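636 is the number of the first residue of the sequence shown in the numbering used here; add one for each residue after it. Every residue, glycine too, gets a C-beta built ideally from N, C-alpha and C. Since the model is a prediction, treat every value here as computed from it, not as a measurement.
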Amino acid sequence: MKEKFSTLGGAQAWCIWGLCVVFLVWLFNLQTSYAVLSPKIENELMLTIAQIGLVSSVYTWAFAAIQFISGPLLDRFGLRKCMPWAVAFVVLGAFLYSSAHSIEALLVAQILLALGAAFGFVGAGFAGDKWFGAAKYGVMFGLVQAGASLGSTVGTPTINYFANLYDWRSVLFIFFLFGIALFVAFLVWVRDPKTGDTPKTFKLSLPKQVVTELRACFKLPNVWLSALIAGTSFGIMLAVGVLWGPRIISAHGFESGALATALLWLGLAIGAPLFNVISNKLKNRKLTLAAGILLQAAVTAMLVFTPSLTESVLLWLMFLLGLTSGAHMLGFTIAGETVAGNLIGGASAIVNATCFIIGGIAMSFPAHLLPSHTPSLADFSHALLIMPIGLAIAFLLSLIVRETYKVPKVVP
């Protein structure tokens, strides 16, 4: 009997890709809920602001370390053998997170969350590549980020609403219950496509394969350059969205931190696919990336340094920060177009890991520059100086990255 191959881009493709995006939205909201819940956690567990920054940065650094392995694991084993267990780790982490009574328990929970979450963004991008084809890789990856950001746009105010009704443990336990249902769905439905292509045979042991794949990617300057640029853009946006944004709003004397965070994610939801579309129209990745980073640097500088901003201006700046940070998705596109097709998972993992390494630095480093008493707006401006400086450096790097856009082949 003739083997039946999978239909790329069909109903099954959208279902599997959609489940991966739902997983990403779920864990993304679990991650960004820290912006809303951290003051409550800080008060109940009697933590300092430096310890609160440490908890969020440990997640990002653990995530980044595991991220380097997740891409090669997906390249070797595929969606079916990786993604359900990634969900399981996040479920376990969510349970421990909701029941933590010490900073040590919080740190262990963050590491468990990171173990599974490292497969979320790259896994959804990997699903888009395998189930929709390499030609749609950049656009599908942009839609992945758009889905995650839209989820956070809705999720942040929703989490804030429930956090005002219930304690933070109850909110996190709801995440845990949803995760159990998601784990079952992944076991039942997630598959790798049958395309008829001869699968690559990995003759190396897994550790050697991981090292070999990452080395092959790192040998290409375009990969680590795009990783540094995208990492700076996303990492700074993430630090503002997860930790610093609501505190800047509060320092201005307003209580709209949750709304501001939601607007930031809404901006990213629009910007993530938009910059890839613009680069396709212009037929130029490099110029589009550089313009986006420059605009993000300007918006960040206004947010950090301008005194006496009105509430409406602050909210607009948060939205624009999210919108312009959508340029970081071109880092994934450039890295993916630089490497061979069988290295896309590894290249994506390097870019995403860099995003969270820099995000961890942007979360934790400013906390050590703040006074022990309640920080003033001037204190935040001094501590967050690293952000516009980092984006200025990223802009300069974007001027030397190699252009990767290729005109699609027209089949006669």
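Could you tell me the distance, in whole angstroms, from the CA atom of residue i to the CA atom of residue j?
i       : j       : result
SER692  : ALA749  : 11 Å
LEU689  : GLY645  : 44 Å
GLY751  : VAL725  : 5 Å
PRO1047 : CYS990  : Confidence is the limiting factor: at PRO1047 the pLDDT is only 37, short of 50, which leaves the residue's position unreliable and the question unanswerable from this model.
THR793  : PHE813  : 15 Å
LYS771  : SER999  : 36 Å
PHE663  : LEU714  : 19 Å
VAL722  : VAL846  : 25 Å
PRO1023 : LEU955  : 15 Å
LEU680  : PRO828  : 47 Å
GLY777  : PHE869  : 13 Å
THR833  : THR1039 : The pLDDT assigned to THR833 is 49, lower than 50, so where the model puts this residue is not dependable; a value taken from the coordinates is nonetheless given after this. The alpha-carbon atoms of THR833 and THR1039 are separated by roughly 27 Å.
LEU938  : LEU1032 : 23 Å
GLU739  : ARG804  : 16 Å
ALA685  : VAL825  : 40 Å
PRO908  : PHE810  : 27 Å
LYS1044 : LEU917  : Its pLDDT being 48, under 50, LYS1044 is placed unreliably in this model, and the coordinates cannot settle the point.
Indicate whether residue i and residue j have their beta-carbon atoms separated by less than 8 Å.
i       : j       : result
LEU950  : LEU894  : yes
ILE884  : SER891  : yes
GLY923  : THR791  : The amino acid at residue 923 is misidentified as Gly; the sequence shows Thr. No, the Cβ-Cβ distance between THR923 and THR791 is not below 8 Å.
GLY758  : CYS852  : no
ILE871  : ALA997  : yes
GLY782  : LEU659  : yes
GLY866  : TRP900  : no
LEU1005 : ALA984  : no
LEU849  : PRO942  : no
PHE910  : GLY961  : yes
LYS921  : VAL1036 : yes
SER733  : PHE808  : yes
GLU946  : PHE1015 : no
TRP661  : GLY763  : no
The alpha helix (DSSP H) spanning residue i covers which residue range?
i       : result
MET964  : 964 to 973
ILE869  : According to the sequence shown, residue 869 is Phe rather than Ile. Unbroken alpha helix (DSSP H) run through PHE869: 856 to 874.
PRO881  : 880 to 886
PHE712  : 684 to 733
THR923  : 920 to 940
LEU747  : 738 to 752
ALA1002 : Neither: ALA1002 is in no alpha helix (DSSP H) and is coded neither H nor E.
GLY957  : 946 to 960
LEU978  : Counting along the chain, LEU978 falls outside any alpha helix (DSSP H), and DSSP gives it neither H nor E.
ARG804  : 803 to 824
In terms of alpha-carbon separation, which member of the options lies closest to residue i?
i       : options                         : result
ALA1029 : SER861, GLY880, HIS887          : SER861
GLY976  : ILE651, PRO674, LEU709, CYS650  : LEU709
SER914  : GLY966, MET937, ALA904          : GLY966
GLN931  : LEU1026, ALA700, THR788         : LEU1026
VAL948  : ALA699, PHE730, HIS887          : HIS887
ILE992  : TRP859, ALA700, PHE797, ILE1021 : ALA700
ALA904  : VAL986, LYS1041, SER787         : SER787
VAL743  : GLY755, CYS717, THR695          : THR695
Which whole-angstrom value is the C-beta distance of residue i and residue j, which I expect to be below 8 Å?
i      : j       : result
ALA753 : SER784  : Not really, about 19 Å apart at Cβ, beyond 8 Å.
PHE703 : ALA988  : 5 Å
LEU873 : GLY994  : 4 Å
ALA925 : LEU1034 : 6 Å
CB of residue i to nearest heavy atom of the ligand SAH: below 7 Å?
i      : result
GLN666 : The model on display carries no ligand, and the ligand SAH is accordingly not part of it.
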